[in-house]
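To keep things clear, I will list the structure first and then write my remarks on it.
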Amino acid sequence: MPAHLCRLRYFGDDRWSYAFFADSSERYLQSGFPGGSFYGKQEDAFIQATRAYLGR
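If you want it as structure tokens, here you go:
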């Protein structure tokens with residue numbers, strides 16, 4: 147069964163937002179990047195999502 151990690155949205159010029167998938171509610175929850183911004187690079191979003199999912 148595939149695991150839902152996060153959803154990415156593109157806003158242009160390395161401006162991505164992401165949301166974690168919450169299994170408990172089966173919904174995506176808006177998340178922030180380190181430093182408090184809601185926009186960042188897609189690579190950073192993936193790193194944050196996998197760290198949260200793997201607990202690292």
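Positions 147 to 202 (my numbering) are the ones given, in order, by the sequence shown.
Cβ coordinates follow ideal geometry from the N, Cα and C atoms, glycine included.
Note that the coordinates shown come from a computational prediction; the quantities given were computed from them, not determined experimentally.
Cβ-based burial, residue i [other Cβ within 10 Å; buried from 16]
| i | result |
| --- | --- |
| Gly178 | exposed |
| Gly182 | exposed |
| Gln194 | buried |
| Ala191 | buried |
Neighbourhood of residue i by C-beta distance below 7 Å, restricted to the same chain and skipping five residues each side
| i | result |
| --- | --- |
| Gly186 | Trp162 and Phe179 |
| Tyr156 | Trp162 |
Residue range of the unbroken beta strand (DSSP E) whose run includes residue i
| i | result |
| --- | --- |
| Leu175 | Arg173 to Ser177 |
| Ser164 | Here residue 164 is Tyr; the residue named in the question, Ser, does not match the sequence. Per DSSP, Tyr164 belongs to the beta strand (DSSP E) from Trp162 to Ala168. |
| Leu154 | Cys152 to Tyr156 |
Nearest-angstrom beta carbon gap, residue j and residue i [assumed within contact, 8 Å]
| i | j | result |
| --- | --- | --- |
| Leu151 | Tyr199 | 6 Å |
Cβ-based neighbour list, residue i, same chain, cut-off 8 Å, excluding 5 preceding and 5 following
| i | result |
| --- | --- |
| Ala149 | Tyr199 |
Spatial neighbours of residue i in its chain, beta-carbon cut-off 6 Å, leaving aside the 5 residues before and after
| i | result |
| --- | --- |
| Asp160 | Lys187 |
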